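Trainee: Per mature numbering (1 follows the signal peptide of the UniProt record, and there is no 0), the sequence shown runs over residues -20 to -1, 1 to 985. Note that CB positions come from ideal geometry on N, CA and C, so glycine has one too. These numbers come from a predicted model, not from an experiment. Can you keep this structure in mind? I'll have questions shortly.
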Amino acid sequence: MMRFISLLGTALLFPVYGQATTYDVADLTQLNVICSSASGFTIENDGTTYSCSGKIELPVGHAIISSLPTARITLKSHAGMTFEGNNKIGSSDKPIDLTAPAAAIKVLNQDANNIDDYRAKHSVIFGNLKASYPMSIKNLLLEGKIDLIGSALTVTGQYNSIIGDIVTHSTTKLTNTNVCGNVESNGHLFKMDTSNSLTKHYVVGDIVAHSTLELNGVTAYGTVQSKGASATIGGAVYDTDTSVKYFQTLNFLADTELCGDVLKLPTVPGFSQIINGSPQRYCGIGLSSCDYASDVCPITAEDIPVCSMLPPTEDDFDLVVTPAEDMALMCGDELPQFTVTTTNNGEVTSAQVLASLSDPDLFTLEMVEGKQKIDDSNFISKDDGTLVVKVESNDIDAISLDSNYTLSFTIVDDMKKAQTVQFMFTPYMFEAYAEDLSSLDEIHVIAGKSKTVNTRLLACAATGEQVIATNYDGTPQVTHPLIKPVGGSEGNFSYSAEFKDGLSSHGLITNESGLFSVRLSDTFECTGFQECPDEGSVKVEGTFDVKSRPWTLAICDGSTALASGTSESGPGFIAAGEHFSLTVKPIVWQSGGSLTKEVNTENYCSADITHNFMLEDAPAASIVLSSKQKTPTETASQTKKLLESTLSLTRSHTESENSQYTFSDLYWEEVGSLKIKAKLDSQYLDMTVNTGYRNVGRFYAKYFKAREAKWTYPTKQDFIYMNQPFERVSYDVVALNAKKEDIQNYVYFNASLREHFHLGELSNYVNRFIPPAANSVEWNLVGDASIGTFTIEKASGNPNCDNSPCWEKDETDGNYPDGPFNKDSNSTKSKIGLAFVEEVDEIDFYDDLHILKQQPDIRFGRLNFKDVGGNQGMTIKVPLDVEVWQDGRFVTHFEDSATTANGQHHTRTPIWSNSPADNTLLSGEGTMLAGRTYDIVASQVDSAREQVRFHLDLSSAGNNLPWLKYNWDKSDADEDNPPTVVTFGIHRGNDRIIYRGEPNFIGMN
């Protein structure tokens, strides 16, 4: 018999490829090799389907993977697909679906003669299979659904595992197949059987057949429903409620078991519904009673198997028998009794055991505990591997006292696995006893911890009663050979029993694990007791077993030192989703430790190790890692993401290296900290090894991307001028793990441990946009994503580019003027995005997703006066334009109807005048209308002929429009207020003087 387990390394997951070629979907040139069409693959509109108009053929040993960021890819062929054998397609995190809408899919492999042969003769596919024509599969491990629209499905070979639903519309035949998923056959036949299989086969899920149904040699964990004319069931069907539903004829083969009711499907009145055969009926799984059966189901929910993407493995049965020797006082009530524990591949299991007595005429074996006694020498252990038998004498007078008799136990499924023990009947014996004075055959200890053992010398009094020989004072010789594991160390075993009045109470200690047999022997003055020889002295012996276990399993550093940071404090460990490793060591007792509670092993990685635990012949055990979220506490009870591994979270006790067990390729997809636990999957020599744990963290976010940005422009503007502060800029940041997936826990991190992001220009304009840090940051959970909203506010007093977010003009000797930026498709593009000054843990960006999708509309602007003139004493309108740089020149900015200027904020410089310096002034306030205002006017106090240059004050003390200054005079690098020349005194008629630069010289305004 073979058994399916999931404890093997990844080396067993993949077929042996030899010089295999791996085709990456991301590389079309490479992928086109397997498409028979000259045009190769084309990518359909959905961006995830790669279509081949020809046939897809994958040679023996070759593989297909996807390194694309897309989580799932589909390969489609219009002429069919053939996988020649030993192939691997996709992976658990990047599955590749296979679709043949108008052709067949074939997965070919050679026949496998045995388990080892199978490893090189099977294929692995992560992805769904869908076809409209026949689909034939042989020796396949599939994690995905099968959807066959219009033709037959045939699954053959020595072992197949399908983790996913199966839906077919024609004949369906599954041989030597495990299915974890629901099966629905809409064709005329659904048949599932076994033939020369490598292991037992099962379906975990419901089966629905719309026509003929045949199950033979298969165990179904779910409901089997026959909607057709006939159904034949042989094997077992286990369900919590209804095992079988049938429509017409239901046939049960011999030795069929059912847990759950059998129900008829509705039919027309008078339609006959027939059941042939008598299956063994039980109540549904977990039910203590029911009205259709008298017995409870022989399995529990824990017995339901789990499909795996690993190939099957050979059975490896073993047994441990304790004690190795047992003695019974001929006048006592206790009989020799032995406990057998049966295992398979390190896990306790029910097994048939053959027990052989050296003198079967003198003794009879009785089962004290077990599943079944087949006959006087054949027994079946319970599901937890336990079998207890005691030896009863057929004739006490025929037994030779103080003679060793033997009893051998053998696993029937593996006759090489056997153990022989001894027993005797005696009138005198040393015996260990408990506090309640009952006899003890075995003492349970923790390696490295002393335990007081109470022993006594028993004898048969002349009256035939069992008594303590109080006349014995002495120190017997003690031996303590190691019984299991063979070849192990005794670990400085120490025990010396000194007796007073027939009793002893002394400490016993060993620094190793395993099964020891302690024998005490001495001579005893037996006068007055039964069976005492004439010389009055007799040799007396006694034995008891010592079962020693490791104290706990210490979790220690792997490739990276384990840190203990949390979401609140402490150091960071690694990014969520990144792989790490750790080691586990079985260690001896440490002072001050707990006998039963979980142990924080952070400080125990230098403790002594129980090396016997790791030997091949040691008691079977498997170390299992599990975890709980430690921090953040807000989500600890709801989280579904915990410690995972691409390999396994389990190690057999034989898989040690360098005196430790290495667990590699571990990862956690969330952030925070974990309480990682290491425990044994079963008891160790009937004892529970303390669970060891380690708080590991901080797992932190690795990638960040910008999600949304909002640029708040000044009132009535949908653009911004260079050097003009934004009212507000807000931007959302999404925290991701190393797999670029959303994480939920980041919002609950202490604010000091969350990364802080600035904005910056990340192309050629680095110095043009350097806003201050965000004034406020708020993290929220949006769906499954942790999103931080950062907001930069305009300074409340004297806002400028030093204290507020704004895009600065270049130096006047640089690209001055330039722009616009992001105005339209012809504009220069900025690259404003996330930036950081320092990291708390780690910050990485990818695919430019840290660049804001919403870039601001930025324009180089200036205010430009027109030079004007008029009659002296006249009030003259001075046109003021707002202009922007566009296509290499300044143009009126027709989109500005918001900028307001007041003429009273000005300076004046007379060019030619005989009047006082303050005779002229600007006044009036104007708001732009389509880029121009006429509301600013020049006037005189006293009428006179003069020419004056005015500058409109744009400083913060004036109009507070410094961003609309311009380097007008070019005499230095500074920007200037906009100038205008106003001429008073333009005459008509015979006037001959016309001042240069008088646009209004004809008197019109």
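#1: Does the beta-carbon distance from leucine 742 to glycine 813 come in below 8 Å?
#2: Answer yes or no: do tyrosine 475 and valine 447 have a C-beta to C-beta separation smaller than 8 Å?
#3: For threonine 400, which residues of its own chain have a beta-carbon under 6 Å away from its beta-carbon, when the five flanking residues on both sides are left out?
#4: Just the C-alpha distance for alanine 754 and alanine 43, rounded to the nearest angstrom, thanks.
#5: So isoleucine 589 packs on alanine 658, CB below 8 Å; how close in whole Å?
#6: Classify glycine 444: buried if its beta carbon has 16 or more other beta carbons within 10 angstroms, exposed otherwise.
#7: With a Cβ-Cβ cutoff of 8 Å, do histidine 885 and aspartate 915 count as a contact?
#8: How would you write the range of the beta strand (DSSP E) that aspartate 382 sits in, first residue to last?
#9: Roughly how many whole angstroms lie between the Cα atoms of lysine 610 and serine 539?
#10: What residues are listed by DSSP as bridge partners for glutamate 349?
#11: What three-state label does DSSP hand glutamate 282 in the structure shown?
#12: Looking at alanine 601: is its Cβ nearer than 8 Å to the Cβ of serine 662?
#13: Would you call the CB atoms of glutamate 24 and serine 16 closer than 8 Å?
#14: Between leucine 334 and serine 357, is the Cβ-Cβ spacing less than 8 Å?
#15: Quick check on methionine 395: does DSSP put it in helix, strand or coil?
#16: Check each candidate in Ser116, Phe684, Ala543, Val709 and name the one with the smallest Cα separation from asparagine 717.
#17: Taking the continuous beta strand (DSSP E) assigned at leucine 742, which residues delimit it?
#18: Does arginine 631 pass the burial test, meaning 16 or more other C-beta atoms within 10 Å, or should it be called exposed?
#19: One question on the structure: do tyrosine 226 and lysine 244 come within less than 8 Å of each other, judged by their Cβ atoms?
#20: Write down every uninterrupted run of the beta strand (DSSP E) in the segment 853 to 878 whose length is 3 residues or greater and which is fully enclosed by it, in chain order.
#21: What are the boundary residues of the beta strand (DSSP E) that includes threonine 771?
#22: Can you tell me where the alpha helix (DSSP H) holding aspartate 824 begins and where it ends?
#23: For a test of the three-state rule: what should DSSP assign to isoleucine 966, helix, strand or coil?
#24: What are the start and end residues of each continuous beta strand (DSSP E) run of 3 or more residues lying completely inside the segment 651 to 678, in chain order?
#25: For glycine 965, is the classification buried or exposed, using 16 other Cβ atoms within 10 angstroms of its Cβ as the cut-off for buried?
#26: Please determine, among Gly550, Thr626, Arg748, Gln920, the residue with the shortest C-alpha to C-alpha distance to glutamate 791.
#27: Where does serine 732 sit, in a helix, a strand or coil, going by DSSP?
#28: List the whole-angstrom C-beta distance separating lysine 803 from arginine 839, where the pair is believed to meet the contact cut-off of C-beta under 8 Å.
#29: CB-CB under 6 Å to serine 72, same chain, minus the five flanking residues each way: which ones, in chain order?
#30: Residues in the same chain with beta-carbon distance under 7 Å from glutamate 819, minus the five sequence neighbours each way, listed in chain order, please.
#31: Please list, in chain order, all residues of the same chain as phenylalanine 473 whose beta carbon is under 7 Å from its beta carbon, the five residues on each side excluded.
#32: Go ahead and pull the three-state DSSP assignment for phenylalanine 593.
#33: Give the range of the alpha helix (DSSP H) segment to which aspartate 97 is assigned.
#34: Considering threonine 321, what are the terminal residues of the beta strand (DSSP E) in which it resides?
#35: Rank Ile53, Asn93, Glu707 by C-alpha distance to the C-alpha of glycine 124 and give the top, closest one.
Mentor: Quick look at the numbers:
#1: Position 762 of the sequence shown, counted from the start, is the residue given in the question as residue 742. Position 833 of the sequence shown, counted from the start, is the residue given in the question as residue 813. Judged by beta-carbon spacing, glycine 813 lies within the 8 Å limit of leucine 742, meaning their Cβ atoms are closer than that value.
#2: Taking the first residue of the sequence shown as position 1, residue 475 is located at position 495. Taking the first residue of the sequence shown as position 1, residue 447 is located at position 467. Annotated as distal: tyrosine 475 and valine 447, with beta-carbon spacing of 8 Å or more.
#3: Within the sequence shown, residue 400 is the residue found at index 420, counting from 1. Cβ neighbours of threonine 400 beyond the five flanking positions: Thr386, Ser388.
#4: Counting from one through the sequence shown, the residue named residue 754 turns up at place 774. Counting from one through the sequence shown, the residue named residue 43 turns up at place 63. If you take the alpha carbons of alanine 754 and alanine 43, they lie about 49 Å apart.
#5: Your numbering for residue 589 matches position 609 in the sequence shown. Your numbering for residue 658 matches position 678 in the sequence shown. Their Cβ separation, rounded to whole angstroms, is 14 Å, which puts isoleucine 589 and alanine 658 out of contact at 8 Å.
#6: Along the sequence shown, read from residue 1 onward, the residue named residue 444 stands at position 464. It is exposed - the Cβ of glycine 444 has fewer than 16 other Cβ atoms within 10 Å.
#7: Working through the sequence shown from its first residue, we reach residue 885 at position 905. Working through the sequence shown from its first residue, we reach residue 915 at position 935. Taking 8 Å as the Cβ cut-off, histidine 885 and aspartate 915 do not qualify as a contacting pair.
#8: Along the sequence shown, one-based indexing puts residue 382 at 402. Where aspartate 382 is concerned, there is no enclosing beta strand (DSSP E), given that its DSSP letter is neither H nor E.
#9: The sequence position of residue 610 within the sequence shown is 630, counting from 1. The sequence position of residue 539 within the sequence shown is 559, counting from 1. Lysine 610 and serine 539 have their C-alpha atoms spaced approximately 22 Å apart.
#10: In the sequence shown, the residue the question calls residue 349 occupies position 369. Answer is Val368, bridged to glutamate 349.
#11: Numbered from 1 along the sequence shown, position 302 holds the residue referred to as residue 282. The answer is helix: DSSP assigns glutamate 282 an H, G or I state.
#12: Taking the sequence shown and counting its residues from 1, one reaches residue 601 at position 621. Taking the sequence shown and counting its residues from 1, one reaches residue 662 at position 682. Yes, the Cβ-Cβ distance between alanine 601 and serine 662 is below 8 Å.
#13: Numbered from 1 along the sequence shown, position 44 holds the residue referred to as residue 24. Numbered from 1 along the sequence shown, position 36 holds the residue referred to as residue 16. In this structure, serine 16 does not lie closer than 8 Å to glutamate 24 by Cβ.
#14: Stepping through the sequence shown from its first residue, residue 334 is reached at position 354. Stepping through the sequence shown from its first residue, residue 357 is reached at position 377. Taking 8 Å as the Cβ cut-off, leucine 334 and serine 357 qualify as a contacting pair.
#15: Residue 395 sits at position 415 when you count from the first residue of the sequence shown. Methionine 395 falls in the strand class under three-state DSSP.
#16: Within the sequence shown, numbered from 1, the residue matching residue 717 stands at position 737. The option with the nearest alpha carbon to asparagine 717 is Phe684.
#17: To locate residue 742, count along the sequence shown from 1; it is residue 762. It is not in any beta strand (DSSP E) - leucine 742 carries neither H nor E in the DSSP assignment.
#18: Counting from one through the sequence shown, the residue named residue 631 turns up at place 651. Its Cβ being crowded by 16 or more others within 10 Å, arginine 631 is buried.
#19: Stepping through the sequence shown from its first residue, residue 226 is reached at position 246. Stepping through the sequence shown from its first residue, residue 244 is reached at position 264. Yes, Cβ-Cβ distance for tyrosine 226 and lysine 244 is below 8 Å.
#20: 860 to 866, 869 to 872
#21: Translated into positions along the sequence shown, residue 771 becomes position 791. That run of the beta strand (DSSP E) goes 765 to 773.
#22: Residue mapping note: residue 824 aligns to position 844 of the sequence shown, counting from 1. No alpha helix (DSSP H) holds aspartate 824; DSSP gives it neither H nor E.
#23: Numbered from 1 along the sequence shown, position 986 holds the residue referred to as residue 966. Correct three-state label for isoleucine 966: coil.
#24: Fully enclosed beta strand (DSSP E) runs of 3 or longer: 652 to 660.
#25: Position 985 of the sequence shown, counted from the first residue, corresponds to residue 965. Glycine 965 is buried by the Cβ-count criterion.
#26: Position 811 of the sequence shown holds residue 791. Nearest option by C-alpha distance: Arg748.
#27: If you number the sequence shown from 1, residue 732 lands on position 752. The answer is helix: DSSP assigns serine 732 an H, G or I state.
#28: As a first step, residue 803 is located in the sequence shown; it is residue number 823 there, counting from the start. As a first step, residue 839 is located in the sequence shown; it is residue number 859 there, counting from the start. Confirmed, Cβ separation roughly 7 Å.
#29: Here residue 72 refers to the residue found at position 92 when the sequence shown is read from its first residue. Excluding positions up to five away in sequence, the list reads Phe106.
#30: Numbered from its first residue, the sequence shown carries residue 819 at position 839. Around glutamate 819: Glu735.
#31: Against the sequence shown, residue 473 aligns to sequence position 493. So the qualifying residues of the chain are His460, Thr490, Phe496.
#32: Locating residue 593 in the sequence shown gives position 613, counting from the first residue. Reduced to three states, the DSSP call for phenylalanine 593 is helix.
#33: Along the sequence shown, one-based indexing puts residue 97 at 117. 95 to 98 is the span of the alpha helix (DSSP H), which, as asked, contains aspartate 97.
#34: In the sequence shown, the residue the question calls residue 321 occupies position 341. Looking at the DSSP string, the run of the beta strand (DSSP E) that includes threonine 321 is 317 to 324.
#35: On the sequence shown, residue 124 is found 144 positions in, with the first residue counted as 1. Among Ile53, Asn93, Glu707, the Cα nearest to that of glycine 124 belongs to Ile53.
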